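The working numbering numbers the first residue of the sequence shown as 70 and each following residue consecutively.
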Amino acid sequence: MTARPVKVHDLLSGRADAPGVRVLVDRFWPRGVAKTDLAYDLWLGGAAPSTELRRWFGHAPRRFEEFRRRYEEELNAGNDDVTQLRGLADEGDVALLFAARDHRHNHAVVLARWLASRGGHTVK
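And the structure:
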């Protein structure tokens, strides 16, 4: 079973595929994307970083390691969306849809690795 980060705009443009259950893991709906245009199965915004952490990070790569540590603390504390996402990852492949511009320094990357470390899943 795999958890794979997939950028929403790459999916919409055909530059990426998203096998498995497609879960939008952003707290807010992606800017400029109509809900009818995105093929997704679930929107679990509660699995995204807290508003405070997201604002602190500001998508600054120099802050990514500290962001990762703090976000993993939030994930370990858990909530209903995180629990539901873990259950989905235990059952099969999950595509973690995100809208951040940076493919390497974003919460979906951290989330995929965190899921892999909790359930023996792989990250693609």
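Glycine included, each C-beta is placed from N, C-alpha and C at the ideal position.
It should be emphasised that the depicted structure is a prediction, and the values quoted were computed from it without experimental measurement.
Which of helix, strand or coil does DSSP assign to residue i?
i      : result
Phe167 : strand
Arg100 : coil
Pro130 : helix
Val75  : strand
Leu184 : helix
Val94  : coil
Leu157 : helix
Go through its chain and collect everything with a Cβ distance to residue i's Cβ below 6 Å, but skip five positions before and after it.
i      : result
Pro130 : His174
Leu93  : Tyr109, Trp112 and Leu166
Val178 : Pro74
How would you label residue i, buried or exposed, when you count the other beta carbons within 10 angstroms and need 16 or more for buried?
i      : result
Arg73  : buried
Glu143 : buried
Pro88  : exposed
Arg91  : buried
Phe136 : buried
Which same chain residues end up closer than 7 Å to residue i when comparing Cβ atoms and leaving out the 5 residues on each side of it in sequence?
i      : result
Arg187 : Arg155
Mind checking whether residue i and residue j have CB atoms under 7 Å apart?
i      : j      : result
Ala168 : Asp86  : no
Leu184 : Ala158 : yes
Once the 5 residues before and after residue i are set aside, which same chain residues still bring their CB inside 8 Å of it?
i      : result
Ala117 : Val94, Asp95, Arg96, Arg123 and His176
For the stretch 76-83 against the stretch 98-108, are there 3 or more C-beta pairs whose distance is under 8 Å? yes
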